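Working notes for the structure below.
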Amino acid sequence: MNNFALVLFAGMLAILSGCQQTSRQSNESPQSMMVRVATQAQACWWFKGNDPAFGKFRMAAEINSPAGRPRILIVPKDNPAGLPKLVVQAQRVTGITGVATFGPLLDSRDGMRIQEDVSRWAGGGTAC
Numbered sequence: 149m150n151n152f153a154l155v156l157f158a159g160m161l162a163i164l165s166g167c168q169q170t171s172r173q174s175n176e177s178p179q180s181m182m183v184r185v186a187t188q189a190q191a192c193w194w195f196k197g198n199d200p201a202f203g204k205f206r207m208a209a210e211i212n213s214p215a216g217r218p219r220i221l222i223v224p225k226d227n228p229a230g231l232p233k234l235v236v237q238a239q240r241v242t243g244i245t246g247v248a249t250f251g252p253l254l255d256s257r258d259g260m261r262i263q264e265d266v267s268r269w270a271g272g273g274t275a276c
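Everything in the sequence shown is counted per our numbering, starting at 149 for the first residue and increasing by one.
This is how it looks when you write it as structure tokens:
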């Protein structure tokens with residue numbers, strides 16, 4: 149295996165190490181769910197409120213995914229093309245839309261709070 153393949157493999161393992169599925173499910177479209185989650189993440193303390201847990205990051209939304217899995221990526225401010233530190237993704241399976249979160253930020257001390265925020269926003273909550 150060449151060096152590039154090893155680095156890519158290690159990066160994917162790091163991302164998947166924090167993989168968790170939230171319990172929120174809905175009949176709405178994945179795009180609607182992700183727009184709501186992205187709007188709340190932007191409006192609430194994650195970014196607008198200068199949350200120290202997200203101070204080194206920026207959000208990139210990929211709502212119109214051709215694969216039908218819209219997502220938001222939390223990436224380093226100093227390396228926006230680098231591997232995401234958090235991915236929040238919605239997907240429709242057998243008529244039900246669910247949201248999944250994964251990435252190394254879930255293994256941080258803020259991981260539980262991140263999961264709770266995403267679950268609340270995916271379910272329609274607007275509280276920060």
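Note that the Cβ used here is the ideal one computed from N, Cα and C, for glycine as well. Being a predicted model, the structure only gives us computed values, none of them experimental.
In the same chain as G230, and ignoring 5 residues on each side of it, the C-beta atoms closer than 8 angstroms to its own belong to V223 and P224, in chain order. Take the alpha-carbon of L253 and the one of Q263: they are about 10 angstroms apart.
Around the C-beta of Q188, 16 or more other C-beta atoms lie within 10 Å, and the residue is accordingly described as buried. A189 sits in a helix when the DSSP states are folded into three classes. About 7 angstroms separates the beta carbons of P228 and A208, which is inside the 8 angstroms limit, making them a contact pair. The beta carbons of V247 and V185 sit closer together than 8 angstroms. With respect to the C-alpha of N212, the residue from S180, K233, S256 and R261 having the closest C-alpha is S180. Less than 8 angstroms divides the Cβ of Q239 from the Cβ of G216.
In the three-state scheme derived from DSSP, where H, G and I count as helix and E and B as strand, I244 is classed as strand. Counted as a single uninterrupted DSSP element, the stretch harbouring E264 is not any beta strand (DSSP E) but the alpha helix (DSSP H) occupying residues G259 to A270. Collapsing the DSSP output to three states places R217 in coil. The C-beta distance from L221 to P214 rounds to 16 angstroms, too long to meet the 8 angstroms contact threshold. For F202, no beta strand (DSSP E) encloses it, and the DSSP letter there is neither H nor E.
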